[in-house]
Amino acid sequence: MSPLIQWYPGHIAKAEKSLKEQLKRVDVILEVRDARIPLSTHHPRIAQWAPDKPCVLVLNRQDMIPSHLREAWREWFKAQGQDIYFTDAKDGKGIKALAKIAAKAGVAVNDRRESRGMRPRSVRTVVIGYPNVGKSALINRLVGRRVVESARKAGVTRQLRWVRIDDNLDLLDAPGILPARLDDQTAAVKLALCDDIGTASYDNQRVAANLVDQLKALQKITQGRVVPEGLLRDRYSVDESIGTGEDYLIAMGEVNYQGDIERAARKLLQDFRKGVLGPVPLEIPPTLAAPAVDPDIEQQPETTTEPESETSAPAETSTSEQPN
Ligand SMILES: Nc1nc2c(ncn2[C@@H]2O[C@H](COP(=O)(O)OP(=O)(O)OP(=O)(O)O)[C@@H](O)[C@H]2O)c(=O)[nH]1
Ligand SMILES: [Mg+2]
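Numbering of the sequence shown is given in this note's numbering, commencing with residue 4 and proceeding in unit increments.
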């Protein structure tokens, strides 16, 4: 049985507590998710903590997914009743539009103040989300200079910090937060792959092998439109069809690193995280994943499927599977 991936360091527990306190003083929430895994970086509690506050949903790292996927996500979220805003906090794309939206969402605050005879004040906005999704980079972009620390690993921001953008907008940079227990281990592996949780909480080889399996599955589901055919073969001289992700990693180690599987795993993870493999997502809108049904082909009764033997051993649990 695979060990479970869990990560909930002390600074996050503390941050969550003070964040909940600060939320009372905040007018608008900017929830930032990773565009590669917008479902797995959804924090289930944010809406409960501040049910009455307007929340702007940002999918950052837009440069790390194929551009045609943006429209598909927009439509999917729209169908869930939610507008989304794409940004690239590294290159500053989508930032101006976001600042406007945040300010607009806070207008109601000043309308309310004015109606009570109070002077208007700047809109207080918190930037909230999982670790390493680019919250601090987004703030630096909104301010136009580096005011808060931002770096390529989870847990960079350790404390809450207010930053004044201008007379109209104050931003609160918060440490990345995530649920105390990662019940969904499929999501946990994706968090590991995207560098959103501490490196000590998982095994490189297991998650790297899982990455290969996920990329192959996405290749198949989207017929190469989202993850191109031969993506790994062209880079590491090992064909994806060699077998499982684990088989792939072993072969990759043999071909490129004198049998050093750990080195192969690290290389694969690094290439994926740095975008060397190109814009590769790990999640696509569920509507895209639905198998296409050809209306011209009549459905046949399922007579060819072997009944499952009750005594057959269950498949070995991989790190991507849900724990019991
Ligand atoms: N390619 C790309 N990289 C980004 C983007 N946004 C942020 N980054 C990079 O991602 C890394 C993490 O960014 P941070 O701003 O530190 O992330 P954070 O959410 O504040 O992380 P914590 O403080 O640890 O919770 C940095 O190296 C950024 O330069 C983006 O849109 N595209
Ligand atoms: Mg940060």
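All C-beta atoms in this analysis are idealised placements derived from N, C-alpha and C, irrespective of residue type, glycine included. Quick caveat, the model's predicted, so the values are computed rather than measured.
Where residue i and residue j are concerned, what is the direct C-alpha to C-alpha distance, given to the nearest angstrom?
i    : j    : result
K138 : G132 : 7 Å
K103 : V112 : 15 Å
P304 : K219 : For P304, the predicted model reports a pLDDT of 43, less than 50, meaning its position is unreliable; a value from the coordinates is still stated below. C-alpha separation (whole angstroms): 29 Å.
A254 : D237 : 14 Å
E152 : G158 : 11 Å
T290 : I87  : 17 Å
A82  : Q226 : 24 Å
A118 : D94  : Checking the displayed sequence, the identity of residue 118 turns out to be Ser instead of Ala. Approximately 40 Å between the Cα atoms of the pair.
S70  : G120 : 47 Å
E24  : E243 : 49 Å
Quick test of your reading: residue i and residue j, contact by CB under 8 Å. State the CB separation rounded to the nearest angstrom.
i    : j    : result
L72  : V229 : 6 Å
D198 : R144 : At roughly 20 Å, the Cβ-Cβ gap does not stay under 8 Å, so D198 and R144 are not in contact.
K193 : L285 : 5 Å
L280 : L234 : 6 Å
Q65  : K107 : With 8 Å as the limit, Q65 and K107 do not qualify as a contact, their Cβ atoms being about 21 Å apart.
On a CA-only basis, which of the options is nearest residue i? Give me that one, please.
i    : options               : result
R148 : V166, A212, D37       : V166
P182 : E24, P134, A106       : P134
K27  : A18, N259, A53, L101  : A53
S339 : D86, N171, F89        : Here the chain has residues from 4 to 327 only, and residue 339 is not among them.
D274 : I200, Q65, T225, L196 : L196
I98  : I142, N259, G158      : I142
V59  : D66, A50, L280, D114  : A50
V146 : M67, L175, G120       : L175
S21  : Y11, D86, R161, Q188  : R161
N213 : Y251, D187, K107      : Y251
Y239 : T90, G120, L272       : L272
I168 : R184, L185, V150      : V150
Compare the beta carbon distance of residue i and residue j with 7 Å and say whether it is the shorter of the two.
i    : j    : result
R39  : L62  : no
G109 : D173 : no
A75  : P288 : yes
I180 : I15  : yes
V215 : G262 : no
V258 : V283 : no
A105 : T128 : yes
A191 : I68  : no
T200 : W10  : Contrary to the premise, residue 200 reads as Ile rather than Thr in this sequence. Contact: yes.
P178 : A292 : no
P123 : R115 : no
request  = Taking 8 Å as the threshold, find out whether the region 265-280 comes into contact with the region 208-225 through three or more Cβ pairs.
outcome  = yes
task = Check whether the region 42-52 touches the region 16-34, counting contact only when three or more Cβ pairs, one atom from each stretch, lie closer than 8 Å.
result = yes
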